[in-house]
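Residue numbers (the working numbering): 3 to 245. All residues carry an ideal CB built from backbone N, CA and C; glycine is no exception.
Next up, the structure:
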């Protein structure tokens with residue numbers, strides 16, 4: 003079951019009523035592994051000796067040095083659960099999908115629950131509305147859609163939805179637990195956070211712009227990063243990690 007357009011519009015109006023505006027982030031987010039990924043060259047082949055024949059010995063050849071590559075992720079690639087994703091000024095922030103799971107209710111509904119941690123690294127207040135800006139965007143199996151957070155889903159999962167816009171002070175970190183109704187028995191595969199809730203993407207069809215809560219999508223995979231699990235220190239305000 004996808005959320006109704008009315009639900010998303012009501013969340014938008016609630017955000018505007020609380021803060022007057024939301025902070026839009028237009029720059030591309032980035033994740034950088036603190037340790038470069040080292041690619042070791044393939045060793046030279048060895049010859050299997052044949053009885054009755056002299057052993058073949060290859061000419062000595064120096065192996066090329068290991069290739070050191072700085073591992074980074076940027077859109078349109080998806081980030082991984084647990085990745086610390088940064089944005090630069092005018093609004094520097096750190097985003098992290100810390101947890102995600104599903105709840106199958108006795109009434110025959112499936113609820114996806116996810117936790118997002120946001121830290122304001124900027125010098126001013128960051129007005130954010132996670133219950134509006136974040137949603138499940140893809141299910142395991144490849145089905146895409148917009149399954150937005152709702153109070154009904156939170157109640158089914160035994161949670162209380164934080165359905166208000168929040169102003170994060172400089173240096174403040176907050177965690178938000180969100181819940182959405184998804185098709186019964188399904189599992190979430192991608193979670194999206196729209197960094198710029200003040201604009202809409204160019205729609206591929208007339209309903210797309212109304213259905214999406216903003217633009218500049220930050221997308222997480224629900225599995226942990228298989229290449230790097232560490233996190234760099236928070237960079238200075240307005241400075242992205244090196245590529």
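Endpoints, alpha helix (DSSP H) assigned at residue i
i	result
residue 156	153–158
DSSP-derived helix/strand/coil call for residue i
i	result
residue 4	Caution is warranted here: a pLDDT of 43 is assigned to residue 4, below 50, making its placement in the model unreliable, and no coordinate value can be reported.
residue 249	Here the chain comprises residues numbered 3 to 245, so residue 249 is not present and cannot be evaluated.
residue 241	coil
residue 213	helix
residue 169	strand
residue 202	coil
residue 142	coil
residue 175	strand
residue 181	strand
residue 24	coil
residue 236	coil
residue 197	strand
Residue closest to residue i, alpha-carbon to alpha-carbon, out of the options
i	options	result
residue 235	157, 183, 29, 85	85
residue 73	240, 231, 89, 239	231
residue 88	164, 123, 213	123
residue 145	220, 96, 188	188
residue 118	166, 133, 228	133
residue 172	32, 96, 79	96
residue 34	165, 163, 152, 81	81
residue 202	193, 192, 213	213
residue 1	228, 179, 147, 243	Lying outside 3 to 245, the shown extent of the chain, residue 1 is not represented and no answer is given.
residue 192	168, 143, 167	143
The beta strand (DSSP E) enclosing residue i, as first and last residue numbers
i	result
residue 218	217–226
residue 231	That residue, residue 231, is in no beta strand (DSSP E); it is neither H nor E in DSSP.
residue 150	146–150
residue 187	No beta strand (DSSP E) contains residue 187, which DSSP labels as neither H nor E.
Close Cβ partners of residue i (< 6 Å) along its chain, the five nearest in sequence each way excluded
i	result
residue 115	103, 159, 181
residue 240	90, 91, 94
residue 1	Nothing about residue 1 can be read from this structure; the chain reaches only from 3 to 245.
residue 174	122
residue 77	30
residue 75	33, 81
residue 16	Its pLDDT being 47, under 50, residue 16 is placed unreliably in this model, and the coordinates cannot settle the point.
Own chain partners of residue i with C-beta closer than 7 Å, once the 5 adjacent residues on each side are dropped
i	result
residue 184	112, 114, 138, 141, 149, 190
residue 135	195, 196, 199, 215, 216
residue 83	99, 102, 222, 223, 224, 225, 226
residue 218	27, 28, 196, 197, 198
residue 110	186
residue 170	120, 122, 127, 128, 130, 176
residue 25	93, 128, 129, 130
residue 243	32, 34, 88, 234, 237
Residues near residue i in its chain [Cβ-Cβ closer than 8 Å; skip 5 each side]
i	result
residue 153	163, 165
residue 161	115, 179, 181
residue 220	31, 77, 81, 87, 97, 194, 195, 196, 197
**Request:** Kindly provide the ranges of any beta strand (DSSP E) runs that are 3 or more residues long and lie completely inside the region 65–140, ordered along the chain.
**Result:** Taking only runs of at least 3 residues, the beta strand (DSSP E) segments lying wholly in the region 65–140 are 69–71, 81–83, 87–89, 95–106, 112–122, 128–130.
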